[in-house]
Amino acid sequence: MVLLGILAVLRGVGWLFSSSHQCKGRNNDADYNTPGEAIASGLAHTGEDVYRWTGSAAVVVFVGMCGWGVIAFIACRRG
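Here's what the structure looks like:
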């Protein structure tokens, strides 16, 4: 459960960084004219990657937790 909570926080942070960014593609050179815009563009692209990755990771963790729960349930039933 703690791992799912951490993934949820990371997903939220990734969403915050990428949600307000109107990028012109994955090429950072096309996204900025100043150093500040370059940093913002880089953070937005990183946030987008984190947002996409954490969704898949959360599914893997959830399936693993369900599998562990089934094994623990069956082991307890057999006594």
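Going by the numbering used here, the sequence shown opens with residue 763, and the numbers climb by one from there. Every residue gets a Cβ at the ideal spot worked out from N, C-alpha and C, and that includes glycine.
By the C-beta density criterion, Phe779 is buried, having at least 16 other C-beta atoms within 10 angstroms. When the Cα atoms are used, Ala820 and Leu769 turn out to be separated by approximately 6 Å. In this structure, the alpha-carbon of Gly804 lies about 11 Å from that of Pro797.
By alpha-carbon distance to Gly767, the top candidate from Phe824, Phe835 and Arg839 is Phe824. When the beta-carbon positions are compared, Thr808 and Gly776 come within less than 9 Å of each other.
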